Ligand SMILES: [Fe+2]
Ligand SMILES: [Fe+2]
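Listed below in structure tokens is the structure:
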């Protein structure tokens, strides 16, 4: 009917059920097509006369799939009641705010409740994340000159190698959960998707920095991989984001600020600054989401504490931060092999550890842990930093 059905639907929309619409058409066979269309749409077809090809009597079924369709919340999360606490799983991939035709396939989301995933800051953090995306090729001045020093370069490569394996964990842990989250919580999916893209860029820039002067990557230790694997093995979203984002990425913020301050070359300093900006958002979402969940489920606090203790026990036989990484950090912070510089570098790494512990304690307090609990849990956090 070459689109004539659009015109018919529009005209019928304004008629009451039982109302008659006279149809004129010039195309041959139009009446035949119209008869078929009316049958399909539940309208009555009445033979025409010399003025009209046919009459269409509006049927009651013509609202069809729209009748009884339920609105899946509202698209704008800022509107009251926009985001449901418990959206039905069978809304599936439907846009939030869509009219949902009843029926359809069953979806299953293990993260289906708002308080399992939501954070009040998620819509804002997503907007910030998109606005703050940087291009590794142009955001970093890779050609900025600095003096080549083979041992310093090896230390940088060791730290980069260590950072990359942490980034791989930070990429795959949220990726595990993203398909378990109900798409109704659109901003959370979007934010995690961009977070994963952030980690992909971090892997890129650290790899590039490690090898840009032709050197090899450093050592990846068993204890590092053991520590990170416990994050990937954690099946509970709240616990995984607590261990990864609040404690791990939170601790990494201090490490990145340290590198921004103390790395011996401008390229590494610039990379550390850009990566830290992204990580601050990852931490903010982890904290925001757990704060939200804790308002309805205060017992979660006990489970979070247990998760830290459990991980500590699981890793108690491991070596913690590798001496290769530790020594590399000291050398970077020293900036030279002079004995007094090395002593200063060592002192800076001790200060870094203190700052990490204090940062974790402050974040734990934001989640409602008492000072004493926060200090205790902070001390139990993996010595591998993430
Ligand atoms: Fe990262
Ligand atoms: Fe991250």
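Residue numbers (the working numbering): 328 to 713.
Beta carbons are placed, not taken as given, at the ideal position from N, Cα and C, and that holds for glycine.
Only a predicted model underlies this, so the values are computations on that prediction, with no experimental measurement involved.
Using the Cα positions of residue 545 and residue 580, report the straight-line distance between them to the nearest angstrom. Against the chain shown, residue 545 aligns to sequence position 218. Against the chain shown, residue 580 aligns to sequence position 253. Taking the straight line from one Cα to the other gives about 22 Å.
Any idea what DSSP makes of residue 526, helix, strand or coil? Translated into the one-based positions of the chain shown, residue 526 becomes position 199. Three-state DSSP puts residue 526 in a helix.
Would a C-beta distance cut-off of 9 Å place residue 672 and residue 661 closer than the cut-off? Taking the first residue of the chain shown as position 1, residue 672 is located at position 345. Taking the first residue of the chain shown as position 1, residue 661 is located at position 334. A distance below 9 Å separates the beta carbons of residue 672 and residue 661.
Would the beta-carbon of residue 649 fall within 9 Å of that of residue 610? Here the question's residue 649 lines up with position 322 in the chain shown. Here the question's residue 610 lines up with position 283 in the chain shown. Cβ distance not < 9 Å, so residue 649 and residue 610 don't count as in contact.
Apart from the five residues on each side of it in sequence, which residues of its chain come closer than 7 Å, Cβ to Cβ, to residue 577? Mapped onto the chain shown, residue 577 falls at position 250. Within the same chain, residue 577 has close Cβ partners 610, 686, 687 and 690.
Which of the three DSSP states, helix, strand or coil, is assigned to residue 621? In the chain shown, counting from the first residue as 1, residue 621 sits at position 294. Here residue 621 sits in helix by DSSP.
Could I get the ranges of all uninterrupted alpha helix (DSSP H) runs contained in the segment 572 to 652, with 4 residues as the minimum, in chain order? Listed in chain order, the complete alpha helix (DSSP H) runs (minimum 4 residues) inside the segment 572 to 652 are 577 to 589, 593 to 623 and 627 to 641.
Supposed contact pair residue 401 and residue 381 - C-beta distance, whole angstroms, cut 8 Å: Here the question's residue 381 lines up with position 54 in the chain shown. Here the question's residue 401 lines up with position 74 in the chain shown. Not quite, the Cβ-Cβ distance comes to about 41 Å (not below 8 Å), so this is no contact.
Check whether the Cβ atoms of residue 560 and residue 634 lie closer than 9 Å to each other. On the chain shown, position 233 is the one that residue 560 refers to. On the chain shown, position 307 is the one that residue 634 refers to. Inclusion of residue 560 and residue 634 in the CB contact set at 9 Å is not warranted, their separation being larger than that value.
Would a C-beta distance cut-off of 9 Å place residue 760 and residue 365 closer than the cut-off? The displayed coordinates of the chain run from 328 to 713. Any statement about residue 760 would go beyond what the structure contains.
Near ligand 1: residue 607 beta-carbon under 8 Å from a heavy atom: For this step, residue 607 is matched to residue 280 along the chain shown. Result no, Cβ not under 8 Å from ligand 1.
Residues sharing a beta bridge with residue 397, DSSP: For the purposes of this step, residue 397 is taken as the residue at position 70 of the chain shown. BP columns for residue 397 point to 427.
Can you look up residue 383 in the DSSP assignment and give me helix, strand or coil? In the chain shown, counting from the first residue as 1, residue 383 sits at position 56. Note: residue 383 maps to strand in three-state DSSP.
Of the residues 587, 711 and 488, the one placed nearest residue 273, counting alpha carbons only: Outside the shown range of the chain (328 to 713) lies residue 273, about which nothing can therefore be said.
May I ask which residues mark the beginning and end of the alpha helix (DSSP H) holding residue 366? On the chain shown, position 39 is the one that residue 366 refers to. DSSP places residue 366 inside the alpha helix (DSSP H), whose first and last residues are 357 to 368.
Let me make sure I understand the geometry here. Which of 505, 387 and 595 has the alpha-carbon closest to that of residue 435? Here residue 435 refers to the residue found at position 108 of the chain shown. Sorting 505, 387 and 595 by C-alpha distance to the C-alpha of residue 435 places 505 at the top.
So, for residue 527: in the same chain, excluding its five sequence neighbours on each side, which residues have a beta-carbon less than 8 Å away from its beta-carbon? In the chain shown, counting from the first residue as 1, residue 527 sits at position 200. The answer, listed in chain order, is 498.
Just verifying my parser: in three-state terms, what is the DSSP assignment at residue 373? Taking the chain shown and counting its residues from 1, one reaches residue 373 at position 46. DSSP, reduced to helix, strand and coil, places residue 373 within a strand of the structure shown.
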